[in-house]
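Student: My questions all concern the structure below.
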Amino acid sequence: MTEATYNQSVGRRLRAIRRQKRLSLQDVEELSAFEFKASVLGAYERGERSLSLPRMHRLAAVYGVPIEQLLPEAERTGATSWSSGGVTIDLEKVEHSDGQTGDIVERFLRAIQLMRQDFNGRVLTLRRSDLQILGGLLENTEDGITSVLSELGLGDSA
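1 is the number of the first residue of the sequence shown in my numbering; add one for each residue after it.
See the structure below:
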């Protein structure tokens, strides 16, 4: 990927997040105490200028999102994805897990079962999106959540 292509990818992501937050370029300028001028932010979004890491960090703070959310999709998923896409949980083992973490996991799995109307199986496969949510509940990264599940004796990669 060339620098220009990369800048355009970052720019598309910046614009998508700004629009998702329903902010105009001028709104961001004001929210950032005029650090990010509307014209400069527009140039970032068009891929005409490179955004330095320190400025990207500050812009992420203005938007209230983790900095990795400002990166193009390929970089976000490449850094924190599972090759398999999910984890299979033995539901019988969940009932025997102890501690606060075990309780959180058990409640989460019951909620997944209710949402999917899946009460017949002895195992439940958590999708990648489920693991991301569980990681947030346990204040852990995507990669770290599989370790937590393994420590509880619950997870096998799907």
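By construction, the Cβ of each residue, glycine as well, lies at the ideal position given by its N, Cα and C atoms.
Keep in mind it's a predicted model, so treat the numbers as computed, not measured.
Whole alpha helix (DSSP H) runs in the segment 7-94 with 4 or more residues, listed along the chain?
Tutor: The qualifying runs are 25-31, 38-46, 53-63, 73-80, 91-94.
Student: Does Glu45 pass the burial test, meaning 16 or more other C-beta atoms within 10 Å, or should it be called exposed?
Tutor: Counting Cβ neighbours within 10 Å, Glu45 comes out buried, since at least 16 surround it.
Student: Report the option in Leu124, Val148, Val123 whose CA atom is closest to the CA atom of Gly135.
Tutor: If we check each option's Cα against that of Gly135, Val148 comes out closest.
Student: Any idea what DSSP makes of Arg116, helix, strand or coil?
Tutor: If DSSP states are grouped into helix, strand and coil, Arg116 belongs with the helices.
Student: Would the beta-carbon of Ile104 fall within 7 angstroms of that of Leu137?
Tutor: Yes. Within cutoff.
Student: With DSSP collapsed to three states, give me the class of Arg127.
Tutor: Here Arg127 sits in strand by DSSP.
Student: Out of curiosity, what's the CA-to-CA distance linking Gly121 and Gly99?
Tutor: Taking the straight line joining both Cα atoms gives about 24 angstroms.
Student: In angstroms, rounded to a whole number, what distance separates the CA positions of Ser39 and Gly11?
Tutor: Rounded to the nearest angstrom, the two C-alpha atoms are 13 angstroms apart.
Student: Among residues of its own chain, excluding the 5 on either side of Glu35, which ones have a beta-carbon nearer than 7 angstroms to its beta-carbon?
Tutor: Excluding residues within five positions, the ones whose Cβ falls inside 7 angstroms are Arg58.
Student: Which residue's Cα is closest to the Cα of Ile17: Thr5, Glu73, Glu3, Leu53?
Tutor: Measuring from the Cα of Ile17, the nearest candidate turns out to be Glu73.
Student: Just to confirm, is the Cβ distance from Glu106 to Val123 under 7 angstroms?
Tutor: No, Cβ-Cβ distance for Glu106 and Val123 is not below 7 angstroms.
Student: Count the other CB atoms within 10 Å of the CB of Gly47; is the residue buried (16 or more) or exposed (fewer)?
Tutor: Looking at its Cβ environment, which holds 16 or more other Cβ atoms inside 10 Å, Gly47 is buried.
Student: Helix, strand or coil for Leu149? Go by DSSP, reduced to three states.
Tutor: Here Leu149 sits in helix by DSSP.
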